[in-house]
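S.K.:
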Amino acid sequence: MSIIWILVWAILSFIILGATIWNLSILFKQKKAWQAFATKKGIMFQRGTFSGPCTMDGIINGYQVSFFTAEQQNPDARKRRKVTGMQINLNEGIVDSFAAGTVEMLAFLKSLPDFNPHKIPSDKLDRKQHLFVKNPKAIDAYMTDERAEAINKILGVKNADVVLIADDKEAALRYETANPLNDADLLEKLVMATLKRFDVLKVAKAERNKLAKIVLENAPEETEESVPDDSEQDAEPQVELEKTQEKKVKKEKVPDKKETKKESDKKSKKKED
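Taking my numbering, the leading residue of the sequence shown gets 2, the next gets one more, and so forth.
1) What is the rounded straight-line gap between the Cα of Ile215 and the Cα of Met144?
2) Considering only C-alpha positions, which residue in the set Asn90, Asn183, Ala173, Val201 is nearest to Leu25?
3) Buried or exposed, going by whether 16 or more other CB atoms sit within 10 Å of the CB of Lys252?
4) Going by DSSP, which residues form a beta bridge with Val38?
5) How big is the Cα-Cα spacing for Ala280 and Gly94?
6) Kindly indicate which three-state DSSP category Val66 falls into: helix, strand or coil?
7) When burial is assigned at 16 or more other CB atoms within 10 Å of the CB, is Ile7 buried or exposed?
8) From this set, Arg198, Asn92, Asn160, Lys138, which residue's C-alpha is nearest Ala173's C-alpha?
9) For Val192 versus Val66, is the C-beta distance shorter than 8 Å?
10) What residues match up with Leu174 in a beta bridge as DSSP calls it?
11) Does any heavy atom of the ligand GDP sit closer than 7 Å to the C-beta of Val216?
12) Could you please give the first and the last residue of the uninterrupted beta strand (DSSP E) stretch that includes Met45?
13) Can you tell me which of Leu113, Ala20, Asp146, Glu105 puts its alpha carbon nearest to the alpha carbon of Ile121?
14) For the alpha helix (DSSP H) containing Asp58, name the first residue and the last one.
15) Tell me which residue opens and which closes the alpha helix (DSSP H) that Phe99 is part of.
16) Does Gln130 come out as helix, strand or coil in the three-state DSSP assignment?
17) Going by the CB atoms, is the gap between Thr178 and Val84 shorter than 8 Å?
18) How would you label Thr195, buried or exposed, when you count the other beta carbons within 10 angstroms and need 16 or more for buried?
19) With distance defined between alpha-carbon atoms, name the residue in Asn160, His119, Asp186, Ala71 nearest to Asn180.
20) Just list the residues that DSSP pairs Glu72 with in beta bridges.
21) Could you please give the first and the last residue of the uninterrupted alpha helix (DSSP H) stretch that includes Val216?
22) From which residue to which residue does the alpha helix (DSSP H) around Gly142 run?
23) Just tell me which of Ala207, Leu165, Ala139, Gly102 has its CA closest to the CA of Asn219.
24) The alpha helix (DSSP H) that contains Lys190, what's its start and end?
25) Is there a Cβ of chain B sitting closer than 8 Å to that of Glu105, yes or no?
26) Between Leu187 and Gly102, how many whole angstroms is the CB-CB distance? I'm expecting something under 8 Å.
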């Protein structure tokens, strides 16, 4: 029996050791690829600990680009998986406002306040992708076929959960994938293709002003609640007080009928005497 347990222990140890070595080899390959990419693009690379994840971030073609490793929680809330994340930020406004994402990001899109699902006239955006907007008319005016196609390609990266959010002040894109992105050439191809598609989404100042005007014209009207004037509120108790005093005075002036009758009887007796 002891020999069997020793064999089981040896097999389990071999599996665990093999998995650890495999994960470390992927991690080291990722660090090597990311460092090569960061050096080529002139951005910051941080190696991290021996068995820990690496990161990199910096400005590429005017965009803030960052890479990191994160934990993604599965819908059943019991399992977590490590994913490679890429985030791209554009510090200039586009249009107010839209959020587009893959089906995995649908719950997040639904949680955004004042955003509602919308179908644009263009057929260049795949219907399996989800688009939520604040101002439908402004988005329809903004969303040309070229831009719809660019968004469709951004969201269409294989084996990735993607969300893109833009308003009139900034825009942000986030990828999450189980792929470690440990090939420097493929990594560069992904980043540069994404930035090129992002360029299509930009707007010139004249167009931005035009879109802002559409947003303003179609803004929901705010209903004004009537606030009572303080002078009117103060006047109401005064009026009630005056009415009460008038009633009191009238009551005092009107003599009681019984008392009036007694007085008349007394006067008549005096006359008889």
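We treat Cβ as the ideally placed atom computed from N, Cα and C, and that holds for glycine. Predicted, not measured: the structure shown is a model, and the values here were computed from it.
M.R.: Let me spell this out:
1) Whole-angstrom Cα-Cα distance: 14 Å.
2) Among Asn90, Asn183, Ala173, Val201, the Cα nearest to that of Leu25 is on Asn183.
3) In this prediction, Lys252 has a pLDDT of 49, which is less than 50 and means its spatial position is unreliable; what the coordinates show is noted afterwards. Lys252 should be labelled exposed.
4) Val is not the amino acid found at residue 38; the sequence shown has Phe there. DSSP lists no partner for Phe38.
5) Nothing about residue 280 can be reported from this structure: the residues present for the chain run from 2 to 274 only.
6) strand
7) By the 10 Å Cβ count, Ile7 comes out exposed.
8) Asn92
9) yes
10) Ile89, Leu165
11) This structure lacks the ligand GDP, and indeed carries no ligand of any kind.
12) 45-47 is the extent of the beta strand (DSSP E) around Met45.
13) Relative to Ile121, the option among Leu113, Ala20, Asp146, Glu105 whose CA is nearest is Asp146.
14) Here Asp58 belongs to no alpha helix (DSSP H); instead the beta strand (DSSP E) covers 56-61.
15) It is not in any alpha helix (DSSP H) - Phe99 instead sits in the beta strand (DSSP E) that spans 99-102.
16) coil
17) One thing to note: Val84 has its Cβ within 8 Å of the Cβ of Thr178.
18) buried
19) Asn160
20) Lys83
21) 206-218
22) According to the sequence shown, residue 142 is Ala rather than Gly. 137-143 is the extent of the alpha helix (DSSP H) around Ala142.
23) Ala139
24) 185-202
25) The displayed structure is made up of one protein chain only, and chain B is not part of it.
26) Wrong, their Cβ atoms sit about 23 Å apart, outside the cutoff.
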